[in-house]
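Down below is the structure, laid out as structure tokens.
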Amino acid sequence: MQMSVVGVFAVGDANNNGSTNMPHAMFSGKRAAVCIHVKLAREEARASLGKQDTEIEARELQGEAEPA
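Residue numbers (the working numbering): 77 to 144.
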């Protein structure tokens with residue numbers, strides 16, 4: 077769960093289904109970690125797409141498009 081502070085997440089083993097065993101806690105922790113990882117990776121990908129700092133000249137594109 078993402079908190080109101082950007083980049084801060086809260087995870088824990090408190091749940092309402094009465095399951096308190098170790099395998100369930102490990103599974104829940106792993107699932108939370110994977111979800112956080114995916115969210116951060118998507119944010120990083122979006123940020124890097126916005127930073128396209130290389131410019132391709134038209135003649136370079138035309139040369140690549142012509143058959144050899």
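Don't be surprised by glycine CBs; every beta carbon is placed ideally from N, CA and C. Since the structure is predicted, the reported quantities are computational estimates derived from the model, not experimental observations.
Whole-angstrom distance between residue j and residue i, CA atom to CA atom
i	j	result
SER80	ASN97	30 Å
ALA121	GLY105	24 Å
GLY110	MET102	A small correction: the amino acid at residue 110 is Val; Gly does not occupy that position in the sequence shown. One C-alpha to the other measures close to 12 Å.
HIS100	ALA108	12 Å
HIS113	VAL87	13 Å
Limits of the alpha helix (DSSP H) - the one that residue i falls within
i	result
VAL110	98 to 125
Among the options, the one whose alpha carbon lies nearest that of residue i
i	options	result
PHE85	ALA123, PRO99 and LYS115	LYS115
GLY83	GLY126, PRO99 and ALA117	ALA117
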